[in-house]
Amino acid sequence: MRILVADTFPEDSLTELSELGHECHYRPDLGSEQLREALLGTEILVVRSTPVTAAVLENADALRMVIRAGSGTNTIDRTTASGIGVHVCNVPGRNAVAVAELAFGLLLALDRGIPDGVADLRAGHWNKQRYSRARGIHGRRVGVLGLGRIGLRFAERAVAFGTHVHAVENPERDPRTKDRAAELGIEFVSDPHELARTCDVLSLHLPLTETTRHIVDRELLAQARPGTILLNTSRSELIDESALIEAMDTKGMRAGIDVFPEEPESGRGTIESRLATHPNVYGTHHIGASTEQAQRAVADEVVRMVESFDAGTVLHCVNEDSLSVDRTGSVAVSAHSGGVS
Numbered sequence: 001m002r003i004l005v006a007d008t009f010p011e012d013s014l015t016e017l018s019e020l021g022h023e024c025h026y027r028p029d030l031g032s033e034q035l036r037e038a039l040l041g042t043e044i045l046v047v048r049s050t051p052v053t054a055a056v057l058e059n060a061d062a063l064r065m066v067i068r069a070g071s072g073t074n075t076i077d078r079t080t081a082s083g084i085g086v087h088v089c090n091v092p093g094r095n096a097v098a099v100a101e102l103a104f105g106l107l108l109a110l111d112r113g114i115p116d117g118v119a120d121l122r123a124g125h126w127n128k129q130r131y132s133r134a135r136g137i138h139g140r141r142v143g144v145l146g147l148g149r150i151g152l153r154f155a156e157r158a159v160a161f162g163t164h165v166h167a168v169e170n171p172e173r174d175p176r177t178k179d180r181a182a183e184l185g186i187e188f189v190s191d192p193h194e195l196a197r198t199c200d201v202l203s204l205h206l207p208l209t210e211t212t213r214h215i216v217d218r219e220l221l222a223q224a225r226p227g228t229i230l231l232n233t234s235r236s237e238l239i240d241e242s243a244l245i246e247a248m249d250t251k252g253m254r255a256g257i258d259v260f261p262e263e264p265e266s267g268r269g270t271i272e273s274r275l276a277t278h279p280n281v282y283g284t285h286h287i288g289a290s291t292e293q294a295q296r297a298v299a300d301e302v303v304r305m306v307e308s309f310d311a312g313t314v315l316h317c318v319n320e321d322s323l324s325v326d327r328t329g330s331v332a333v334s335a336h337s338g339g340v341s
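Residue numbering for the sequence shown follows the UniProt record's numbering, beginning at 1 and increasing consecutively.
As structure tokens, then:
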């Protein structure tokens, strides 16, 4: 099969795909317009953050499967893909620890003012008085919005640091997650607003849906305590940016953000963002899943998915219920496998 990998990917995994007999093309430099042309004749597309738009998909004459080398698929036009019979698949759970680590790192950085302290020290300024004002996080209430794979990994780290973790009750939650939450002593509240009222920290670990879009809005932020820390390593659209900026200006909220709506399409470029430049924000460059450990685990699973597809089974398909036609011939779709959700 002809495979196009349009984002960064480990070299040895590319070699492994080639050794399995596939024609593998590695083009991490492609933007959306160039991707349209490069997809001609391609059967499997592998992406991380590169957008796969309707225009891109409609030009894909041989495409059978898009693999998002990560969990979220909001950068892929699933409606168009389903309409032309292309399976959209993700790699769930393999980067959960990496994202949780970054979220917790942002929490510690915000509490201790670490980035500002480093910047002052590098500039030759010593200010022990300023950087001795941390509240500390032991004993604090930490609210986790979204108790899936990543949220649960974050909660484990929060508990290890002596915080009291709270989450929103969900009667449809996976039994394995319920059991783990009970082991960790996670307390449940009725809704996100109650979480905002009772917690010192709010950490977002949700997929982007019409229900979760702007779940952190002006109304929820009005319930938050002064000085609340908000963490978002999930999707930028979960937050009403103007409402958050207002809350930071008026009630001293602080935020650790890894995802921004103005992110450049490629891995490098310029960004103009009111949120990224706000003094109460510590931002990172959408790197939550970007550790060697996580990328190795994701790449290994991508190779397994390609092998499985070649043998007749689609793994981790997220649009099987909406495929109107099927380009995959006799390929069967498996249930989602592995992990706790």
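Heads up, the beta-carbon is just placed ideally off N, CA and C, and yes, glycines get one too. Remember, predicted model here, so these are calculated numbers, not experimental data.
Item	Value
Identity of the residues DSSP links to Gly283 by a beta bridge	Ile257
Counted within 10 angstroms of its Cβ, other Cβ atoms place Glu241 as buried (16 or more) or exposed	buried
Three-state class that DSSP yields for Met1 in the structure shown	coil
Cβ-heavy atom distance, Asp116 to the ligand ZN, below 7 Å	The model on display carries no ligand, and the ligand ZN is accordingly not part of it.
DSSP bridge partner residues for Cys89 (one or two, in chain order)	Ile67 and Cys317
Closest by C-alpha distance to Ala69, when choosing among Thr177, Glu307 and Cys89	Cys89
Uninterrupted beta strand (DSSP E) stretches inside the segment 73 to 126 (no shorter than 3 residues)	87 to 90
Span separating the alpha-carbon of Thr8 from that of Ile229	32 Å
Neighbourhood of Leu17 by C-beta distance below 7 Å, restricted to the same chain and skipping five residues each side	Ile3, Cys24, Val303 and Val306
Assigned exposure category for Glu11 - 16 Cβ within 10 Å defines buried	exposed
Beta bridge counterpart(s) of Leu145 as assigned by DSSP	Leu204
For Ile67, the nearest candidate out of Glu58, Pro51 and Ala55 (CA to CA)	Pro51
Supposed close pair Ser249, Leu102 - CB separation, criterion 8 Å	It should be pointed out that residue 249 corresponds to Asp in this sequence rather than to Ser. With a Cβ gap of about 26 Å, Asp249 and Leu102 do not count as contacting.
Selection from Leu275, Ile150 and Asp61 that minimises the alpha carbon distance to Ala81	Asp61
Residues bridged to Ile215 [DSSP beta-bridge criterion]	None; Ile215 has no bridge partner.
Ala311 - containing alpha helix (DSSP H), residue span	Glu292 to Ala311
Segment limits, alpha helix (DSSP H) that includes Ala247	Glu241 to Lys251
Inter-residue spacing [alpha-carbon to alpha-carbon] between Leu20 and Asp310	10 Å
Reduced DSSP secondary structure (H/G/I, E/B, other) of residue 352	No answer is possible for residue 352: the residues shown for the chain start at 1 and end at 341.
Supposed contact pair Ala255 and Leu244 - C-beta distance, whole angstroms, cut 8 Å	6 Å
Residue(s) in a DSSP beta bridge with Leu45	Leu4 and Val66
Contact set for residue 354: own chain, Cβ-Cβ below 6 Å, skip 5 residues either direction	Summary: the structure shown does not reach residue 354, with the chain confined to residues 1 through 341, and so no result is reported for it.
Integer Cβ distance of Ala294 from Val144, believed to fall under 8 Å	Rounded, the Cβ-Cβ distance is 20 Å, inconsistent with contact.
DSSP three-state assignment for Glu19, whether helix, strand or coil	helix
Boundaries of the alpha helix (DSSP H) in which Ala167 is found, first to last residue	Unbroken run through Ala167 is the beta strand (DSSP E), His164 to Val168; no alpha helix (DSSP H).
Beta bridge counterpart(s) of Asn232 as assigned by DSSP	Leu204 and Ile257
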